[in-house]
Structures are given as structure tokens and as C-alpha cells.
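**Student:** Protein chains in written order, with the numbering used here: chain Z, 51 to 347; chain C, 51 to 347.
Take a look at the following structure, please.
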């Protein structure tokens, strides 16, 4: 069984997610856990890399041109780029990974990556496709934090070439970084569910802000509007990519949401108090059941 | 100028809101502030009243039949009932209030109450119509807390009969209980804005939960779905009443939201990446401007 010690961890992309994962490895494995190891990172943002070295988050920084040299030294690699760039990177650097390496990504859509597997996989590396379900409305390394994963979900979309011992190692690693629930599923189910829990929510939050008459609305806020729209402070290029990459699933969920919205709206329009009260009671029970699952898992 | 001391505070309704206001008066005025005073409360729930007395939240409890006897002793009265019950109560007990009393409500819709003013007002009492913008998805006295008002908005919908010195007193009282921003507006603007920031958000959250395929969805949650739908653990009878009482305004906001949703959906459907990215960028800027207002006020 592979242990956390004496490993070199590599990051392709040291933004919010890469930076947070690197900080969590540094704080929770290499510092607190007492493991020996190195963290290397590559990014296009030289200033962020310099700060990361200065603050001892990473041991060595690499320019994009030196990615191959970095990859050849890494036992565990996290590709923390946007989805399309992730696929490009994996294809371009297929021959650069160290033999025996575990390679993972963080992409919020999985179908496109899994379709590219024939151009990505190598017999002597293990690509564990993953989605750490955490983030922030604030982007970039400067907003990264080792705490954003605490208590969060990590979803793995495995394939037939994954080695069980590497999956076990990876799940232990995720647990050590703070994730509380690690779920294995297939890429199609992932993209179907994520279109609902994540992408639809971002679409709704964006539409709600779009429909606001003015920015002074918060004088009338009681917390609901603020909670519903915090995620509308959105990383526009990233979410454009995610929405379009998972378009079919997302559109189906938008349609289902519109039907539910229309059902409730019709009851309000016709002043159907009894129907509305029954509907809201059913919604309450359904959401409360979700909270119970949330708490007990 | 009226001071907080030597006043008798009365509550008609000691649920989540009444209980929280009573606890805040006890903790922040009568205990910490050193003011002398009494808190009386009336509710249909005898068990909750008994607990409130036992825990020293209130000094005396009254059954609904004894409401008049309680009101005759109170200098400041909070009617913490559902909107329709609030109007009924104010009409029924019009002659029971102590001369000189300040009476306020907590109703989330104001037009219907303001329309009833001729049947409510008395020359020697001051009815200050207010909406403390706080709450919880958990109902009842047992979930009440003196902290739920900290940093929140309090909206007052004043009328021509309000005495300036009483309004000043009431705003100082609200500030002492923890509210950070007290806004004066008229009832029509209140109901227009609240239909957006509060009622529309509850409709959307309810529709989103309604459209969920199953309750196991939270294994795929990254926080967005949870944040958007916490308010869907809704008090069904109360929100049915609020939705219907403010139906015209709410339906207008639902229509505007649907247009924004359709605009974004159309871009996703046609895979218009440039348009989508521009739209999301605009949304981000708009929501960020709201946060700045939120922080600086």
C-alpha cells in the first residue's frame, strides 16, 4: 500500500482549487501528519507561483514550458485547469508522466474527459477522474485555503483501468485533506446529477440577479436573496464552459425546474391556498429528508 | 424621550419571531443594558409559555382569553402573528391597548395591514408597522434565539399618524436588539421589494426542491444546492398566506425572473459561448455591486 510519505505531489494549475489542494497537502499531510514529501506546481501566473514558494505552500515553481520536467518527477499529479484545458494538457503531456504516477483532475464535467480516455490513458499511469465538490465565488491562488474541503463531497468517476489499490490510496488522501464523503459513480450519472445540484443552481442564481431591478435591493434583504445569489459572483469563462459541456443534461433540468416553477406559479395566480399549502408542505418534507441524509452520511 | 427602562413589553404570539424578540429584549436590554422592565406574553401554546417563564424569558404568561388584561399593562407591544391574524387581533383588541402604547407588528406583507389602518388606529396609541428581516427554517419558540437579528435589516412602513419621537424610540430599540440597518419606506415599495428579495426566493427554492428527482441528491452537493434550498424547509401555512397576500407583486417578479432564465437558457441551448460569458460577467458585476452596498451600509 502506497503511503503519503516520500511522494512528490505536482500541480498543473495553482488557482483557487490547485492552491487549496496544495495548501491542504502541506498543512494536513506534510506538516501535521509528519509525512515527508515535496510539492511542485506549474502555472501561467508567475506572481502567484512566487508567492506560493515564498509562503512555503510549494517547494518548486515551474513555467508552463517546463511542465514536462515537473511531471517526470511527480508521483501524484492534480490537473487543476478548466475542463477543455485539462483534456488538452493530458493529451499533450501523455508521455511526460512518471511511470506509476497517479494523475487526477478536478473538472466539474466528466463525459468529455471520459470520452477522451483513449488519448489520455497509459498502461503505467493511473488516471483517477475526480470532482472535489468545493469552491468559492472568489477566484485564484490568493483566495485559496486548505479549509474549503472540510466536510465536503468528493466524487470519483472511475473506469475499468483504475487499479483498486490506487483508488484506495486516493480515497485515503481525499479523507486526509478534509473531505467527509467520497462517492464512486460513473461519468454519465455524475454529469446528470451535477447538472442539477451545481449547474442549474448557478443558472438560477444568475437569472435571479439578472432580473433584479437595481443593486440597492439588499436594503430589503433578509438573507434569502443573499444566500441564493452568492454563487452568481461567478467565474464567467469557467461556468460558460461547464454549462456548454453539459448542455443536454442541464437543459433537461432547466425544463424540469420550469415545470415546477409553473406549477407553483399557477397556484399563486389562481389564489389556490389549499393546493399551495399542500405543495409547500411536500417541499418542506422533501428538503428536510435531504438534510437528514446530509447529516447522517 | 422615552427610555428603555421601567417599560412593560408585551407579546401577542411567542413563536420563532416573538420568542426571539423577547429573548433579545431580555438579554440585550434588561440584563446587559441594566434597564428595569417586564416582559409579558400571550400565546395559544401553553407549553411554550411555561418554558418561557421557567427560563426567565418572560415574566408572566397569558392565555389568549386574557389578552386584553395583558395589553392594558403594556407600553410596547409586538404582535407576532401571521399577517391575517395580526389584522384580526389589532381590530379585536383596538380598545384594549394602554393609552400611550407603541404597538408594532412583524408581518412580511404590509399593504393589507395599511389598508386596515382606519379600523386599527387610535389617537392615543402609536402603531409602527415594521418588518424585522430575519427568521429561520425552524419554527416555534423552541428555535427562537436572541441572536437572529444581529446585523439584519428592519424595515418600517410609516404612516402620517406616527409620532416622530416614538419612531426615534423604536429605531433605537431595534438597534439595541441587534439590527444594523433600519430603513423607512412606504408599504407599497416594501411589498414590491420584498416580493423580490424574499417571496420570489422562497418560490424558486421550493420549485428547485420540487424538481429534484430524489432526496439522495446531496451526495452530489457542493454547497450551492444546499444554500439555495435551505429556505425550502418552509413554514407552509405562513408562506402560503404571504404569497397570496402579495400575489400581484410576486407574479410580476416571477415573470421577470422567467424572462431572465429564458434569456440564459436560450444561450445555453444555442451554445452561444460568447453571449453566455458576457451575460455571466454582467451578472457577476451586478451581484458584486450588491455585496459592496451590503458591506458599506
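The C-beta atom is built at its ideal place from N, Cα and C for all residues, glycine as well.
As the structure is a prediction and not an experimental result, all values here were calculated from the model.
Which residues of the region 271 to 282 of chain Z have a Cβ closer than 8 angstroms to any Cβ of chain C? Give them in chain order.
**Tutor:** Under the 8 angstroms Cβ criterion, the region 271 to 282 of chain Z contributes 271, 272, 273, 274, 275, 276, 277, 278, 279, 280, 281 and 282.
**Student:** Residue 208 of chain C versus chain Z: which residues are under 8 angstroms apart at the beta carbon?
**Tutor:** Here the premise fails: no neighbours, minimum Cβ distance about 15 angstroms.
**Student:** Pull up the CB-CB distance for residue 89 of chain C and residue 105 of chain C, whole angstroms please, since I reckon it's below 8 angstroms.
**Tutor:** That belief does not hold up - the Cβ atoms of residue 89 of chain C and residue 105 of chain C are roughly 12 angstroms apart, past 8 angstroms.
**Student:** Kindly indicate which residue of C:197, C:341, C:249 and C:92 has the alpha-carbon position closest to the one of residue 114 of chain C.
**Tutor:** The shortest C-alpha separation from residue 114 of chain C is found at C:92.
**Student:** What are the start and end residues of the beta strand (DSSP E) that includes residue 231 of chain C?
**Tutor:** That run of the beta strand (DSSP E) goes 231 to 235.
**Student:** For the region 251 to 272 of chain Z, which residues have a CB atom closer than 8 angstroms to at least one CB atom of chain C, in sequence order?
**Tutor:** Under the 8 angstroms Cβ criterion, the region 251 to 272 of chain Z contributes 251, 252, 253, 254, 255, 256, 257, 258, 259, 260, 261, 262, 263, 265, 266, 267, 268, 269, 270, 271 and 272.
**Student:** Apart from the five residues on each side of it in sequence, which residues of its chain come closer than 6 angstroms, Cβ to Cβ, to residue 244 of chain C?
**Tutor:** Taken in chain order, the list of residues that qualify is empty.
**Student:** Terminal residues of the continuous beta strand (DSSP E) containing residue 87 of chain C?
**Tutor:** Taken as a continuous stretch (DSSP letters only), the beta strand (DSSP E) holding residue 87 of chain C covers 87 to 92.
**Student:** Taking only three categories from DSSP, how would you classify residue 201 of chain C?
**Tutor:** Here residue 201 of chain C sits in coil by DSSP.
**Student:** Give me the chain Z residues within the contact set of residue 330 of chain C, using Cβ-Cβ distance strictly less than 9 angstroms, ordered along the chain.
**Tutor:** Under the 9 angstroms cutoff, chain Z gives 252, 256, 282, 284, 285, 286, 287, 289, 290 and 293.
**Student:** Would you mind working out which of Z:173, Z:233, Z:211 and Z:178 sits nearest residue 126 of chain Z, comparing C-alpha positions?
**Tutor:** It is Z:178.
**Student:** Taking only the alpha-carbon atoms, compute the straight-line gap between residue 255 of chain C and residue 160 of chain Z and give it to the nearest angstrom.
**Tutor:** Distance between the alpha carbons of residue 255 of chain C and residue 160 of chain Z: 27 angstroms.
**Student:** How many Å lie between residue 208 of chain C and residue 176 of chain C at the Cα?
**Tutor:** Going by the C-alpha atoms only, they are around 10 angstroms apart.
**Student:** Under a Cβ-count criterion, where at least 16 other Cβ atoms within 10 Å of its own Cβ denotes burial, should residue 317 of chain Z be classed as buried or exposed?
**Tutor:** Buried, by the Cβ-count rule.
**Student:** Between residue 339 of chain Z and chain C, is the shortest Cβ-Cβ distance under 8 angstroms, so that the two count as touching?
**Tutor:** With 8 angstroms as the cut-off, residue 339 of chain Z counts as an interface residue toward chain C.
**Student:** Can you give the Cα-Cα distance for residue 312 of chain C and residue 276 of chain Z, rounded to whole angstroms?
**Tutor:** One C-alpha to the other measures close to 22 angstroms.
**Student:** Helix, strand or coil for residue 331 of chain Z per DSSP?
**Tutor:** Note: residue 331 of chain Z maps to helix in three-state DSSP.
**Student:** Measure the C-alpha to C-alpha separation of residue 328 of chain Z and residue 66 of chain C and round it to an integer number of angstroms.
**Tutor:** Residue 328 of chain Z and residue 66 of chain C: Cα-Cα distance of roughly 22 angstroms.
**Student:** Among the residues of its own chain, which have a CB less than 7 angstroms from the CB of residue 140 of chain Z, if the five just before and after it don't count?
**Tutor:** 129 and 170, listed in sequence order.
**Student:** Under the DSSP definition of a beta bridge, which residues are partnered with residue 54 of chain C?
**Tutor:** According to DSSP, which records beta bridges pairwise, residue 54 of chain C is partnered with nothing at all.
**Student:** Grouping DSSP H, G and I as helix and E and B as strand, with all else coil, what is residue 154 of chain Z?
**Tutor:** Residue 154 of chain Z falls in the strand class under three-state DSSP.
**Student:** Flag residue 236 of chain Z as yes if its beta-carbon sits less than 8 angstroms from any beta-carbon of chain C, otherwise no.
**Tutor:** Not closer than 8 angstroms to any Cβ of chain C, the Cβ of residue 236 of chain Z fails to qualify, so no.
**Student:** Please classify residue 120 of chain C: is it buried, with 16 or more other beta-carbons within 10 angstroms of its beta-carbon, or exposed?
**Tutor:** Buried.
**Student:** Would residue 202 of chain Z and residue 229 of chain Z be called neighbours here (beta carbons separated by less than 8 angstroms)?
**Tutor:** Yes, they are a contact pair.
**Student:** Between the Cα of residue 55 of chain Z and the Cα atoms of Z:69, Z:80 and Z:257, which residue gives the shortest distance?
**Tutor:** Answer by Cα proximity: Z:80.
**Student:** Grab me the residues of residue 347 of chain Z's own chain with a C-beta within less than 6 angstroms of its C-beta, minus the 5 sequence neighbours each way, in chain order.
**Tutor:** The predicted model places residue 347 of chain Z with a pLDDT of 39, which falls under 50 and marks its position as unreliable; any figure quoted below should be read in that light. So the qualifying residues of the chain are 231.
**Student:** Leaving out the 5 sequence neighbours to the left and right, which residues in its chain are closer than 7 angstroms to residue 393 of chain Z when beta-carbon positions are compared?
**Tutor:** For chain Z, the structure presents residues 51 to 347; residue 393 of chain Z sits outside this window and is missing.
**Student:** Can you tell me whether residue 347 of chain Z is helix, strand or coil according to DSSP?
**Tutor:** The pLDDT assigned to residue 347 of chain Z is 39, lower than 50, so where the model puts this residue is not dependable, and the model offers no usable value.
**Student:** What residues from chain Z crowd round residue 300 of chain C, counting only those whose CB sits closer than 7 angstroms?
**Tutor:** Chain Z residues near residue 300 of chain C: 318.
**Student:** Leaving out five residues before and five after residue 226 of chain C in sequence, what residues of the same chain have Cβ atoms less than 8 angstroms from its Cβ?
**Tutor:** Closer than 8 angstroms at the Cβ level, and outside the excluded window around residue 226 of chain C, lie 54, 78, 79 and 83.
**Student:** CB-CB under 7 angstroms to residue 94 of chain C, same chain, minus the five flanking residues each way: which ones, in chain order?
**Tutor:** Once the five neighbours on either side are set aside, the close Cβ partners of residue 94 of chain C are 114.
**Student:** To the nearest angstrom, how far is it from the Cα of residue 212 of chain C to the Cα of residue 168 of chain C?
**Tutor:** So the alpha carbons of these two residues sit roughly 14 angstroms apart.
**Student:** How would you label residue 309 of chain C, buried or exposed, when you count the other beta carbons within 10 angstroms and need 16 or more for buried?
**Tutor:** Residue 309 of chain C comes out exposed.
**Student:** Count Cβ pairs between the region 286 to 297 of chain C and the region 323 to 338 of chain Z that sit closer than 8 angstroms; are there 3 or more?
**Tutor:** Touching, per the Cβ criterion.
**Student:** Taking C-alpha atoms, which residue in Z:338, Z:267 and Z:215 lies nearest to residue 337 of chain C?
**Tutor:** For the residues Z:338, Z:267 and Z:215, the minimum Cα distance to residue 337 of chain C belongs to Z:267.
**Student:** Does the beta carbon of residue 231 of chain Z sit closer than 8 angstroms to a beta carbon anywhere in chain C?
**Tutor:** So, interface residue.
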